[in-house]
Amino acid sequence: MDMAGSYEKTRAAALADPAGFWAEVARGIDWVKPWDKVVDDARKPFYRWFAGAELNTCYNCLDRHVERGRADQLALVYDSPLAGAQRKFTYRELRDEVARCAGVLRGMGVQKGDRVVIYMPMVAEAAIAMLACARIGAVHSVVFGGFAAPELAKRVVDARPKVMMSASCGLLPGKAVPYKPLLDEALEIAGAPDTPCLVLQRPELRCEMVAGRDVDWQDAMSRAEPADCVPVAATDPLYVIYTSGTTGKPKGVVRDNGGHAVALRWSMEAVFGAQPGDVYWAGSDVGWVVGHSYIVYGPLLQGCTTILYEGKPVGTPDAGAFWRVCAEHGVNVFFTAPTAFRAIKKEDPEGALVKRYDLSRFRTLFLAGERGDPDTIEWAQRILGVPAIDNWWQTELGWPAISNCMGIEVLPVHPGSPTKPVPGFDIRILDEEGNEKPAGEIGSLVIKLPMPPGTLYTLWNNEKGYEETYLSRYPGYYLSGDAGFVDAEGYGWVMSRIDDIINVAGHRLSTGQMEEILASHPDVAEAAVVGVADALKGQVPLGLVVLKSGVKHSDEEVCRDLVARVRSQLGAVADFKSVHVVARLPKTRSGKVLRVTIRTMADGGEVKVPATIEDDAVLPEIKAALAALGYPRAPA
């Protein structure tokens, strides 16, 4: 499919004839059996893609590349400054490792359709485990390594795995984090203490094994018979990935095999502009959707070399860690979260460390995972000298829905906007009654059904919950939960979650817009704004900011300037008066700021520490900052 220089043409084709468009894209995947129907709409609103077809995702990621001339190309590079180690796998070597691992699972009784929970650190074996499951048609569910035992237990209860795959420990700067005690506790809580466990013993910290239940990874691999690829239906599940639910019960997003393979391979070409043989790095974790889509599946489906990095953007050893990886491995395309760049900007505001490394092969930076504020995007472009491309999507969607499509047509960058809808996604902005909002007006961001391949098609064992959560609010549309607008040029602007649109004395205001203003201040590295309860105005905004290193102004001077900036750009109607400097913001392990937690603390509510929090020691610091601003306030 020739797409160069034709964004509008490609988008129009995808919307006018989805079946024809995706049938053409699907030629980029090897099928065991062709489909009976490209898009099956027999059970609206529950659409399915490539009904009747059969394939194997692992074959498409590995075997076909080996068979067609890429056997000796690097497929996977494991780079760990935390372990002080690197490992490199060609496509042939990775295929053979995965086949043996699939044989181990077979020997432990895992069959097509069984679930396997993977609870591992960022090691090569984590990717091998995922691909091994896909090879034999098992459904994997990766849980971020180090997750608290009660949260892991919830996922075990929901997925009911045949086998657990884990490791003795994960690594943080200067220390090893034991995983095995958490795994054992989780299985006890889940009432599944006898679940077989395949455990990778890491030299940094070995663990006790349960006799008769636990299997040593290296020992099992040394004795395993390789397993062949098992054909599965395109509509069979490939994996379940859990995302936080409003009820406290995690939502198991289900991804299929066929639509996922088609969409992920095409996204590498169309969105990221990555060609077979390119070196692609997603600086994420396999526990998150970015890790699934763009550390493991997307790059390998496209025949790229993928980087799996066990480290941090700063502190391993410094704020030049990312540039070292890019230079050493010849990275062409890099994808990470804006929060990583804000951390780098805080430590190295002038980008001096970039100059130490040869980044001549580095073409494009992509940022996603939370809103990319214009200041961070412009800073990244300035210090790197390459395009910095924001993009918007969600765990549920599986791949970018709004982005500058580098493989189709490079559109002008408007910092703060992830650009225009990716072909296949019909983005609309609706008001509370379901009417489309005029250009420039904030509303609920929805996607018209059917959504393209690769997106979720249900929640694990909870079709009713899927319908109620995503499809019932606006019939015929998927509810993203995000608020935003589309401007007169067709650019999408994603401002905040729907519940982050605050109502100040009857005026609907975006906290994301306020954060953008705060982050544009030359002394500010990061900012978070939440709406807190106010007896007179309903809600008022409250800001917390982290300053860059080496700031010469006092905290009081910066805060006064910030209040004045918001007032001058949004007007007095925003009622922005409360802002405080903090050393750090509470975040998830994936870098998202825990705004709901901040708001709950400010309102005096009971704070439930999220399972995804990176470091709960930050919460007393936030509580002290809120107290300095007079929160929580006594009821009027």
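Residues 173 to 808, numbered by our numbering, are exactly what the sequence shown covers, in order.
Just so it is clear, CB atoms sit at the ideal spot from N, CA and C, and this is done for glycine as well.
Predicted model, so just to flag it, every value in this text is computed and none were measured.
Handout entry: DSSP three-state assignment for Asp428, whether helix, strand or coil
Key = For this step, residue 428 is matched to residue 256 along the sequence shown. In this structure, Asp428 counts as strand in the three-state DSSP scheme.
Practice task
Apply the 10 Å Cβ neighbour rule to Asp208 and answer buried if 16 or more other Cβ atoms are within range, or exposed otherwise.
Solution key: The count along the sequence shown starts at 1 and reaches residue 208 at position 36. Result: exposed.
Problem - Where the beta strand (DSSP E) through Val717 begins and ends - result: Here residue 717 is taken as the residue at index 545 of the sequence shown, counted from 1. Here the beta strand (DSSP E) through Val717 covers Gly710 to Leu719.
Handout entry: Own chain, CB closer than 6 Å to Pro559, minus 5 neighbours either side, in chain order
Key = Working through the sequence shown from its first residue, we reach residue 559 at position 387. These residues qualify, in order along the chain: Thr536.
Problem - Pro625 and Trp203 closer than 9 Å at C-beta - result: Working through the sequence shown from its first residue, we reach residue 625 at position 453. Working through the sequence shown from its first residue, we reach residue 203 at position 31. One thing to note: Pro625 has its Cβ no nearer than 9 Å to the Cβ of Trp203.
Practice task
Could you please give me the residues that DSSP links to Ser750 through a beta bridge?
Solution key: For this step, residue 750 is matched to residue 578 along the sequence shown. Ser750 pairs with Leu714.
Practice task
Could you check which residue in Glu786, Gly722 and Phe193 has the C-alpha nearest to that of Gly431?
Solution key: Position 259 of the sequence shown holds residue 431. That would be Phe193, whose Cα lies nearest to the Cα of Gly431.
Problem - Bridge partners - Glu226, DSSP secondary structure assignment - result: To locate residue 226, count along the sequence shown from 1; it is residue 54. BP columns for Glu226 point to Lys205 and Ala405.
Practice task
Assign Ala808 to buried or exposed, taking buried as 16 or more other Cβ atoms, counted over all protein chains shown, within 10 Å of its Cβ.
Solution key: Counted from its first residue, the sequence shown places residue 808 at position 636. A caution first: Ala808 carries a pLDDT of 43, below 50, which makes its placement in the model unreliable, though a value can still be read off. It is exposed - the Cβ of Ala808 has fewer than 16 other Cβ atoms within 10 Å.
Exercise for the section: Could you tell me which of Asn429, Glu608 and Met686 sits nearest to Pro546, measuring between CA atoms? Expected result: On the sequence shown, position 374 is the one that residue 546 refers to. Looking at the Cα atoms, Met686 is the closest of the given residues.
Problem - Option in Leu277, Leu719 and Gln553 with minimal Cα separation from Leu690 - result: Numbered from 1 along the sequence shown, position 518 holds the residue referred to as residue 690. Here the closest residue by C-alpha is Leu719.
Handout entry: N-terminal and C-terminal residue of the beta strand (DSSP E) that Ile290 is part of
Key = The residue given as residue 290 occupies position 118 in the sequence shown. Residues Arg287 to Tyr291.
Practice task
Report all residues from its chain with a CB closer than 7 Å to the CB of Tyr650; omit the five preceding and five following residues, and keep chain order.
Solution key: Reading the sequence shown from its first residue, position 478 is the one you call residue 650. Closer than 7 Å at Cβ, skipping near neighbours: Val618, Ile619, Leu621, Met623, Tyr642 and Leu643.
Problem - C-beta contact flag for Ala243 and Arg264 at 9 Å - result: Taking the sequence shown and counting its residues from 1, one reaches residue 243 at position 71. Taking the sequence shown and counting its residues from 1, one reaches residue 264 at position 92. Yes, Cβ-Cβ distance for Ala243 and Arg264 is below 9 Å.
Handout entry: Separation of Val311 from Pro345, as counted between CA atoms
Key = Stepping through the sequence shown from its first residue, residue 345 is reached at position 173. Stepping through the sequence shown from its first residue, residue 311 is reached at position 139. If you take the alpha carbons of Pro345 and Val311, they lie about 32 Å apart.
Handout entry: Exposed unless 16 or more other CB atoms sit within 10 angstroms - verdict on Lys284
Key = Along the sequence shown, read from residue 1 onward, the residue named residue 284 stands at position 112. Burial call: exposed.
Practice task
Please report how far the alpha carbon of Ala730 lies from the alpha carbon of Ile614, in whole angstroms.
Solution key: Taking the first residue of the sequence shown as 1, we reach residue 730 at position 558. Taking the first residue of the sequence shown as 1, we reach residue 614 at position 442. Checking the sequence shown, residue 730 turns out to be Val, not Ala. Distance between the alpha carbons of Val730 and Ile614 is about 29 Å.
Exercise for the section: Could you have a look at Leu248 and say whether DSSP puts it in helix, strand or coil? Expected result: Residue numbering aside, residue 248 sits at position 76 when the sequence shown is read from its first letter. It is a strand residue.
Exercise for the section: Give, in chain order, every unbroken run of the beta strand (DSSP E) that is at least 3 residues long and sits entirely within the region 528-555. Expected result: Secondary structure remark: continuous beta strand (DSSP E) runs of at least 3 residues inside the region 528-555, in chain order: 536-539.
Exercise for the section: Please check the pair Pro593 and Gly664, which I expect to be a contact at CB under 8 Å, by giving their CB distance rounded to whole angstroms. Expected result: Taking the first residue of the sequence shown as position 1, residue 593 is located at position 421. Taking the first residue of the sequence shown as position 1, residue 664 is located at position 492. Indeed, because the Cβ distance is near 6 Å, the residues count as touching under 8 Å.
Problem - Boundaries (first-last residue) of the beta strand (DSSP E) holding Arg259 - result: Counting from one through the sequence shown, the residue named residue 259 turns up at place 87. Segment Ala257 to Thr262, the beta strand (DSSP E) holding Arg259.
Problem - Reference Met336; option with closest CA among Asp520, Lys205, Leu277 and Ala195 - result: Along the sequence shown, one-based indexing puts residue 336 at 164. Residue Leu277 is the option with its Cα nearest to Met336.
Problem - Rounded C-alpha distance that separates Ile599 from Trp565 - result: In the sequence shown, counting from the first residue as 1, residue 599 sits at position 427. In the sequence shown, counting from the first residue as 1, residue 565 sits at position 393. If you take the alpha carbons of Ile599 and Trp565, they lie about 12 Å apart.
Practice task
Tell me where the beta strand (DSSP E) around Met337 begins and ends.
Solution key: As a first step, residue 337 is located in the sequence shown; it is residue number 165 there, counting from the start. Looking at the DSSP string, the run of the beta strand (DSSP E) that includes Met337 is Val335 to Ala339.
Exercise for the section: Please report how far the alpha carbon of Ala611 lies from the alpha carbon of Val712, in whole angstroms. Expected result: Start at 1 with the first residue of the sequence shown, and residue 611 comes out as number 439. Start at 1 with the first residue of the sequence shown, and residue 712 comes out as number 540. Their backbone Cα atoms lie some 26 Å apart in a straight line.
Practice task
Kindly indicate which residue of Asp530, Gly492, Asn504 and Gly502 has the alpha-carbon position closest to the one of Ala512.
Solution key: Here the question's residue 512 lines up with position 340 in the sequence shown. Ranking the options by Cα distance to Ala512, first place goes to Gly492.
Handout entry: Thr508 - DSSP class collapsed to helix/strand/coil
Key = To locate residue 508, count along the sequence shown from 1; it is residue 336. In the structure shown, Thr508 sits in a strand (DSSP, three-state: E or B).
Problem - Assumed close pair Tyr414, Ser313 - CB separation to whole angstroms, cut-off 8 Å - result: Translated into the one-based positions of the sequence shown, residue 414 becomes position 242. Translated into the one-based positions of the sequence shown, residue 313 becomes position 141. Between Ser313 and Tyr414 the Cβ distance is about 7 Å, and since that is below 8 Å, they are a contact.
Exercise for the section: For Pro471, name the three-state secondary structure that DSSP assigns. Expected result: Indexing the sequence shown from 1 puts residue 471 at position 299. Pro471 falls in the helix class under three-state DSSP.
Handout entry: Neighbour-count burial assignment, Pro595, 16 or more Cβ in a 10 Å radius
Key = Numbered from its first residue, the sequence shown carries residue 595 at position 423. Buried.
Problem - Three or more C-beta pairs below 8 Å linking the region 510-528 and the region 428-447 - result: no
Exercise for the section: Tell me whether the beta-carbon of Lys517 lies closer than 9 Å to the beta-carbon of Trp571. Expected result: The sequence position of residue 517 within the sequence shown is 345, counting from 1. The sequence position of residue 571 within the sequence shown is 399, counting from 1. No.
Exercise for the section: Please check the pair Val468 and Met302, which I expect to be a contact at CB under 8 Å, by giving their CB distance rounded to whole angstroms. Expected result: If you number the sequence shown from 1, residue 468 lands on position 296. If you number the sequence shown from 1, residue 302 lands on position 130. About 5 Å separates the two Cβ atoms, so the contact holds.
Exercise for the section: Verify whether the separation of the beta carbon atoms of Leu472 and Val295 is less than 9 Å. Expected result: Mapped onto the sequence shown, residue 472 falls at position 300. Mapped onto the sequence shown, residue 295 falls at position 123. By the CB criterion at 9 Å, Leu472 and Val295 fall outside the cutoff.
Practice task
State the DSSP-derived secondary structure class of Trp632, mapped to helix, strand or coil.
Solution key: As a working note, residue 632 is residue 460 in the sequence shown. In the structure shown, Trp632 adopts coil according to DSSP, grouped into three states.
Handout entry: Between the CA atoms of Gly715 and Trp460 - distance to the nearest angstrom
Key = In the sequence shown, counting from the first residue as 1, residue 460 sits at position 288. In the sequence shown, counting from the first residue as 1, residue 715 sits at position 543. So the two alpha carbons sit approximately 28 Å from each other.
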